[in-house]
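Below is one structure, written out as structure tokens; the observations come after it.
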Amino acid sequence: MRVVVVGESDPDGQMRRRILLSKKIHTDDTPVPVQDDTREHTREARLWAYLGDEGHPYLVFEYSPNHSERYPIEFLKDFLGFLQCDAYPGYDKVRAIVVGCWAHARRYFFDAQKKDPTRAAVALGFIRELYKVEEAAQDLSVAERLKLRQEHSKKTIADLRKWLDAEELSVLPESAPGEAVTYVRNQWKRLTRYLEDRDLDIDNNAAYAARGISDIMPPSGLCRVEAADLHLGLHSVSLVL
Numbered sequence: 365m366r367v368v369v370v371g372e373s374d375p376d377g378q379m380r381r382r383i384l385l386s387k388k389i390h391t392d393d394t395p396v397p398v399q400d401d402t403r404e405h406t407r408e409a410r411l412w413a414y415l416g417d418e419g420h421p422y423l424v425f426e427y428s429p430n431h432s433e434r435y436p437i438e439f440l441k442d443f444l445g446f447l448q449c450d451a452y453p454g455y456d457k458v459r460a461i462v463v464g465c466w467a468h469a470r471r472y473f474f475d476a477q478k479k480d481p482t483r484a485a486v487a488l489g490f491i492r493e494l495y496k497v498e499e500a501a502q503d504l505s506v507a508e509r510l511k512l513r514q515e516h517s518k519k520t521i522a523d524l525r526k527w528l529d530a531e532e533l534s535v536l537p538e539s540a541p542g543e544a545v546t547y548v549r550n551q552w553k554r555l556t557r558y559l560e561d562r563d564l565d566i567d568n569n570a571a572y573a574a575r576g577i578s579d580i581m582p583p584s585g586l587c588r589v590e591a592a593d594l595h596l597g598l599h600s601v602s603l604v605l
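Residue numbers (this note's numbering): 365 to 605.
This is how it looks when you write it as structure tokens:
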């Protein structure tokens, strides 16, 4: 069982450089409370997780004092591969090819169930079919996975797009289902990129899992974790402060 250390510094940027050699990078950020002597309460900083691909299985957390887009833009300025992420506006300014997250899109319709269960159920049904294909492809080679997506997911995607275009004409834009429809239509190109490349994932869940490491770090920023327990198969983890 591989043991990795969270909290090691990366003073020469070696870990960053290894991750940036990846074909794809998963990224996500999480809020962290930070003590501030000028305030009665903590302020909110961020940890940005950057996870390399299978050929570069490294994970870096970069700290930022706020949620400014300049931090991911700077980290990713030389990266020209695929970036799997959510719809944070800062990613619009990177040079990478952005790939959307169906788990994030699904959450919009999940939250819309309270206001419009019928529309939400239809959309969630389409997305469920996409995930069924991914589940069936788990033990296949990457080439076979792409073939399965082309044979099955592509049609579901086309049917979903027709439904979204029709619903966009009748749903209230400011409503929860309206926001869900708008989100998916606006992110459509990014959400469907995974159909064209066998190495891409349907969602950004790998980054969400990696981000969970930050939740177990004590205030000192140093701890030991079992990579196998986190199902990441990492070679090393570094916290960049």
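Glycine is no exception: its CB is placed at the ideal position from the N, C-alpha and C atoms.
In this text, all values refer to a predicted model and were calculated from it rather than measured experimentally.
With a minimum length of 4 residues, the unbroken runs of alpha helix (DSSP H) contained wholly in the segment 539 to 577 fall at 540 to 550, 552 to 555 and 569 to 575. In the three-state scheme derived from DSSP, where H, G and I count as helix and E and B as strand, Glu498 is classed as helix. Nearest in C-alpha terms to His390, of all of Gln399, Val463 and Leu415, is Leu415. Taking C-beta atoms as the reference points, Asp393 and Arg380 fail to come closer than 7 Å. With a cutoff of 7 Å on beta-carbon distance, Ala451 and Gln378 are scored as not near each other.
Arg407 places its beta carbon 7 Å or farther from that of Val463. Distance from the CA of Ala500 to the CA of Pro397, rounded to the nearest whole angstrom, comes to 40 Å. With distances taken between CA atoms, Tyr558 lies nearest to Ala507 out of Asp401, Ala507 and Val486. C-alpha of Arg525 to C-alpha of His405: approximately 46 Å in a straight line. Assigned with DSSP and collapsed to three states, Asp392 falls in strand.
Residue environment: Glu515 is assigned as exposed (fewer than 16 neighbouring CB atoms within 10 Å of its CB, all protein chains considered).
Scanning its chain for C-beta atoms nearer than 6 Å, with the 5 sequence neighbours on each side dropped, one finds around Arg483 the residues Pro541, in chain order. Under the 8 Å Cβ criterion, the segment 438 to 455 does not count as touching the segment 528 to 545, having fewer than three qualifying pairs. Look at Ser432 here: in three-state DSSP terms it is coil, with no helix or strand label.
The Cβ atoms of Glu560 and Val545 do not sit closer than 7 Å to each other. Rounded to the nearest angstrom, the gap between the Cα atoms of Lys519 and Asp565 is 18 Å. Secondary structure remark: continuous beta strand (DSSP E) runs of at least 3 residues inside the segment 454 to 530, in chain order: 461 to 463. Of the residues Ile383, Ile521 and Cys465, the one whose Cα lies closest to the Cα of Gly489 is Ile521. Ala476 and Glu433 have their C-alpha atoms roughly 28 Å apart. For Gln378, the uninterrupted alpha helix (DSSP H) run begins and ends at Gln378 to Ile383, by DSSP. Per DSSP, Arg403 is not a residue of any beta strand (DSSP E), being assigned neither H nor E.
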